[in-house]
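Chemist:
Residue numbers (UniProt numbering), protein chains in the order written: chain E, 1 to 218; chain X, 1 to 218; chain A, 1 to 218.
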């Protein structure tokens with residue numbers, strides 16, 4: 001991809017999106033753990049797991065040691081998000097379901113769909129590989145957090161959650177074909193993901209099931 | 001392994017077994033998700049997870065990027081299996097427990113035990129490594145599908161399920177020692193796995209527990 | 001790290017700790033599965049999963065094929081632990097909660113925190129990476145065993161379990177900075193981990209939650 005104005009303005013799209021995603025998802029994961037009355041180590045683990053699990057899976061899929069284990073910056077951002085969650089839990093009644101947390105989750109989802117698409121493109125996988133790694137990077141943290149919290153992974157029950165990352169990853173691939181800069185592709189991917197997610201939350205969108213499509217009755 | 005008649009007839013054993021396994025397991029995984037009334041994206045995810053999780057784990061264990069993210073053929077076969085599951089759900093009453101699905105599951109188990117044994121042998125792991133990777137390739141998809149469906153992994157409760165893949169992987173290793181072709185070893189592995197699995201289903205075989213062996217009473 | 005008396009006495013710290021950890025964790029995992037009346041294959045799988053899952057995750061994080069798939073010694077030690085669990089289940093009333101099993105679990109935890117710290121240090125990750133890989137190596141097996149047993153991972157509910165491995169990994173890193181031998185660092189890591197774990201069990205230590213700290217009331 002060539003450089004353009006938006007690309008230059010945006011600097012290193014991976015670093016920007018990674019910073020946003022780590023902080024937002026650590027906040028959301030720790031908020032879930034606080035709700036379940038986990039102890040301090042437990043909420044740090046759930047917060048860091050939510051922040052790091054998607055990216056670590058992404059890194060393993062392109063066979064490299066996870067960045068979270070190599071860079072002191074990643075752990076600092078994760079702990080910042082956990083600290084924000086503890087602060088929020090003091091000032092808010094039920095932070096896990098507060099709009100602040102829902103928006104942070106949508107922003108983290110979009111940021112990590114974008115980092116996934118960037119790393120996958122650099123690794124030279126197929127178009128499906130780009131969409132799959134973008135989606136895994138985006139939803140992996142939430143799935144692992146839910147497993148640690150002993151809940152069924154809500155990414156399968158929230159109709160427009162993983163779907164938003166799928167659309168964002170596909171958008172990244174499509175605009176990449178058009179020859180835009182990596183910065184522009186990152187912005188498009190993030191906006192498509194966070195936009196569809198927030199609209200879906202506000203309007204309570206859901207996908208059809210085989211049953212509601214009227215194809216069969218149970 | 002040298003080439004022989006069966007080996008030549010069979011062409012590329014990995015490609016044949018991989019094609020069968022991906023289609024069969026995507027069908028079985030999507031059928032389980034339809035039974036649980038998952039939405040369309042959810043059943044695609046469960047179907048693809050069941051088709052890809054075992055092979056992706058196998059690829060990570062031999063430290064390479066999963067084939068499913070590199071080859072457009074893999075995703076096409078997975079979606080074909082999901083499509084077959086939707087078609088079956090329209091014509092059958094309870095497809096998840098129908099003999100068609102049980103047989104598809106046994107065939108997928110055998111096909112993936114074989115691909116696992118082939119990849120492990122090429123990677124030069126130990127005899128235990130061959131059996132372990134064959135088994136993980138065979139049962140990994142079902143285990144991940146059950147976790148996504150929030151069920152206890154049935155591979156631990158079906159007595160002759162993982163056992164069949166263990167026997168198939170061991171058979172692959174033993175006939176490999178005898179110097180047969182890769183094609184012959186693949187056929188032996190697949191037949192041992194699918195044969196023991198179908199006989200176990202028909203005769204309702206079960207393994208002893210420490211309790212039923214009379215070693216202790218609880 | 002330079003060689004000193006303790007380092008020479010201890011030989012290969014990784015091999016010593018790995019042998020102890022594999023046997024102890026296979027014993028604990030198989031004991032849990034016997035308690036749940038799993039069949040023989042099931043308890044072998046849970047025992048081996050508990051013995052191997054942490055180390056396999058560690059190896060994947062530093063991008064190498066898990067040792068358990070390459071070395072026949074690892075599988076032998078795992079099966080030895082499973083055999084010990086079956087023997088214990090015959091002579092003891094409830095082996096899963098017997099002091100023998102609790103001590104074996106603490107020893108396995110300490111041994112695997114140490115192998116994790118050794119491998120991470122050799123791989124050249126950050127200080128957080130050393131602590132994280134030590135902790136994952138130590139608690140990964142128990143977490144996977146609990147998931148296979150369809151229990152919530154107890155590592156999140158036992159307050160001083162993962163914490164002990166965190167402390168051990170941190171101790172390994174700190175004494176490493178002081179320039180001691182790998183053998184001495186391994187002994188320090190193992191003693192810190194097993195010591196804090198056993199003291200925590202005896203005195204029933206627990207960490208504070210956000211609620212018990214009085215920061216908020218639910």
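Even for Gly, the Cβ is constructed at its ideal location relative to N, Cα and C.
Everything numeric in this text was worked out from a predicted model, so none of it was measured.
1) If we ignore side chains and look at the alpha-carbon of each, how far apart do residue 121 of chain E and residue 188 of chain X end up?
2) For the alpha helix (DSSP H) containing residue 28 of chain A, name the first residue and the last one.
3) Across the region 106 to 115 of chain X and the region 193 to 200 of chain X, are there enough close Cβ pairs to call them in contact, namely three or more that are closer than 8 Å?
4) Would you identify the three-state DSSP class for residue 135 of chain X, choosing helix, strand or coil?
5) Please give the ranges of any alpha helix (DSSP H) in the region 80 to 144 of chain A, keeping only runs that are unbroken, at least 4 residues long and fully inside the region.
6) Going along the chain, which residues of its own chain have a beta-carbon closer than 6 Å to the beta-carbon of residue 152 of chain X, five neighbours each way excluded?
7) Under the three-state reduction of DSSP, which class applies to residue 65 of chain A: helix, strand or coil?
8) Output, in sequence order along the chain, the residues in the region 55 to 79 of chain E whose CB is closer than 7 Å to any CB in chain A.
9) Between residue 34 of chain E and chain A, is any beta-carbon pair separated by less than 7 Å?
10) If you count every other CB in all the chains shown that lies within 10 Å of the CB of residue 64 of chain X, and 16 or more means buried, which is it?
11) Could you name the residues that DSSP lists as bridge partners for residue 209 of chain X?
12) Could you tell me the distance, in whole angstroms, from the CA atom of residue 185 of chain E to the CA atom of residue 177 of chain A?
13) Quick one: does residue 37 of chain A have its CB under 7 Å from some CB of chain X?
14) Establish whether the CB of residue 41 of chain X and some CB of chain E are separated by less than 7 Å.
15) For residue 34 of chain X, collect the residues of the same chain with a Cβ closer than 8 Å to its Cβ; drop the 5 residues on either side in sequence, then sort them by chain order.
16) Determine, for residue 31 of chain E, whether the minimum Cβ-Cβ distance to residues of chain A falls below 7 Å.
17) For residue 201 of chain X and residue 149 of chain A, I'd like the C-alpha separation in whole angstroms.
18) Beta-carbon within less than 7 Å of residue 166 of chain A's beta-carbon, same chain only, minus the 5 sequence neighbours each way: which residues are those?
19) Flag residue 52 of chain X as yes when its Cβ comes closer than 6 Å to any non-hydrogen atom of the ligand NAD, and as no otherwise.
20) Which same chain residues, not among the five before or five after residue 158 of chain X, have their C-beta less than 6 Å away from its C-beta?
21) What's the C-alpha gap between residue 161 of chain X and residue 155 of chain X?
22) Work out the CA separation of residue 103 of chain X and residue 18 of chain E for me, nearest whole Å.
23) For a quick check, are the C-beta atoms of residue 69 of chain E and residue 125 of chain A less than 7 Å apart?
24) For residue 78 of chain X, which residues from the same chain have a beta carbon less than 7 Å from its beta carbon, with the 5 sequence-adjacent residues on both sides left out?
25) Please state if the CB of residue 14 of chain E and the CB of residue 115 of chain E are separated by a distance shorter than 7 Å.
26) Straight-line CA distance for residue 204 of chain X to residue 164 of chain X?
27) Residue 93 of chain X: buried (16+ other C-beta within 10 angstroms of its C-beta) or exposed?
28) Applying a beta-carbon distance threshold of less than 9 Å, which residues of chain A neighbour residue 169 of chain X?
29) Taking DSSP as the reference, what is the three-state secondary structure of residue 59 of chain X?
30) Relative to the C-alpha of residue 209 of chain X, which residue among A/173, A/57, A/36, A/138 is closest?
31) Can residue 168 of chain A and residue 113 of chain A be called in contact, C-beta distance under 7 Å?
32) For the putative contact between residue 182 of chain A and residue 118 of chain A, defined by C-beta atoms under 8 Å, what is the C-beta separation to the nearest angstrom?
Modeler: Checking against the coordinates, here is how it stands:
1) Taking the first chain and counting its residues from 1, the one referred to as residue 121 of chain E is at position 121. Taking the second chain and counting its residues from 1, the one referred to as residue 188 of chain X is at position 188. Going from the Cα of residue 121 of chain E to the Cα of residue 188 of chain X covers about 40 Å.
2) Here the question's residue 28 of chain A lines up with position 28 in the third chain. Residues 13 to 35.
3) Touching, yes.
4) For the purposes of this step, residue 135 of chain X is taken as the residue at position 135 of the second chain. Reduced to three states, the DSSP call for residue 135 of chain X is helix.
5) 99 to 123
6) By 1-based counting over the second chain, the position of residue 152 of chain X is 152. Excluding residues within five positions, none has a Cβ falling inside 6 Å.
7) On the third chain, residue 65 of chain A is found 65 positions in, with the first residue counted as 1. If DSSP states are grouped into helix, strand and coil, residue 65 of chain A belongs with coil.
8) Residues of the region 55 to 79 of chain E whose Cβ lies closer than 7 Å to any Cβ of chain A, in chain order: 60, 63, 64, 65, 66, 69, 70, 71, 72, 75.
9) Locating residue 34 of chain E in the first chain gives position 34, counting from the first residue. Taking Cβ atoms only, chain A reaches closer than 7 Å to residue 34 of chain E, which makes this a yes.
10) In the second chain, counting from the first residue as 1, residue 64 of chain X sits at position 64. Under this definition residue 64 of chain X is an exposed residue.
11) As a first step, residue 209 of chain X must be located in the second chain, where it is residue number 209. Paired residue(s): A/39.
12) Taking the first chain and counting its residues from 1, the one referred to as residue 185 of chain E is at position 185. Taking the third chain and counting its residues from 1, the one referred to as residue 177 of chain A is at position 177. Cα-Cα distance, rounded: 44 Å.
13) Looking up residue 37 of chain A in the third chain gives position 37. True, the Cβ-Cβ gap to chain X drops below 7 Å.
14) For the purposes of this step, residue 41 of chain X is taken as residue 41 along the second chain, with counting starting at 1. Closer than 7 Å to some Cβ of chain E, the Cβ of residue 41 of chain X qualifies, so yes.
15) As a position in the second chain, residue 34 of chain X is number 34, starting the count at 1. If you ignore the 5 residues before and after residue 34 of chain X, its C-beta comes within less than 8 Å of the C-beta of 43, 85, 86, 89, 95, 96, all in its own chain and listed in chain order.
16) Working through the first chain from its first residue, we reach residue 31 of chain E at position 31. Chain A contact via Cβ: absent.
17) As a working note, residue 201 of chain X is residue 201 in the second chain. As a working note, residue 149 of chain A is residue 149 in the third chain. If I take the Cα positions, the gap works out to 23 Å.
18) Residue mapping note: residue 166 of chain A aligns to position 166 of the third chain, counting from 1. The answer, listed in chain order, is 131, 135.
19) The ligand NAD is absent from the structure shown, which contains no ligand whatsoever.
20) The residue labelled residue 158 of chain X in the question sits at position 158 within the second chain. If we look at residue 158 of chain X and ignore the five residues flanking it on each side, it has no Cβ neighbours.
21) What you label residue 161 of chain X is simply residue 161 of the second chain in a count that begins at 1. What you label residue 155 of chain X is simply residue 155 of the second chain in a count that begins at 1. The straight-line gap from Cα to Cα measures roughly 6 Å.
22) Stepping through the first chain from its first residue, residue 18 of chain E is reached at position 18. Stepping through the second chain from its first residue, residue 103 of chain X is reached at position 103. If I take the Cα positions, the gap works out to 45 Å.
23) Counting from one through the first chain, the residue named residue 69 of chain E turns up at place 69. Counting from one through the third chain, the residue named residue 125 of chain A turns up at place 125. Yes, the pair counts as a contact, with Cβ atoms nearer than the cut-off.
24) As a first step, residue 78 of chain X is located in the second chain; it is residue number 78 there, counting from the start. Closer than 7 Å at Cβ, skipping near neighbours: 22, 26, 47, 48, 51, 52.
25) Reading the first chain from its first residue, position 115 is the one you call residue 115 of chain E. Reading the first chain from its first residue, position 14 is the one you call residue 14 of chain E. The answer is yes: Cβ separation under 7 Å.
26) Reading the second chain from its first residue, position 204 is the one you call residue 204 of chain X. Reading the second chain from its first residue, position 164 is the one you call residue 164 of chain X. Approximately 14 Å between the Cα atoms of the pair.
27) In the second chain, the residue the question calls residue 93 of chain X occupies position 93. Exposed is the call here.
28) On the second chain, position 169 is the one that residue 169 of chain X refers to. Within 9 Å Cβ-Cβ: nothing; residue 169 of chain X doesn't reach chain A, min ~12 Å.
29) Here residue 59 of chain X refers to the residue found at position 59 of the second chain. The answer is helix: DSSP assigns residue 59 of chain X an H, G or I state.
30) Reading the second chain from its first residue, position 209 is the one you call residue 209 of chain X. If we check each option's Cα against that of residue 209 of chain X, A/36 comes out closest.
31) Working through the third chain from its first residue, we reach residue 168 of chain A at position 168. Working through the third chain from its first residue, we reach residue 113 of chain A at position 113. Yes, the Cβ-Cβ distance between residue 168 of chain A and residue 113 of chain A is below 7 Å.
32) As a first step, residue 182 of chain A must be located in the third chain, where it is residue number 182. As a first step, residue 118 of chain A must be located in the third chain, where it is residue number 118. The pair is a contact, with the Cβ atoms about 7 Å apart (cut-off 8 Å).
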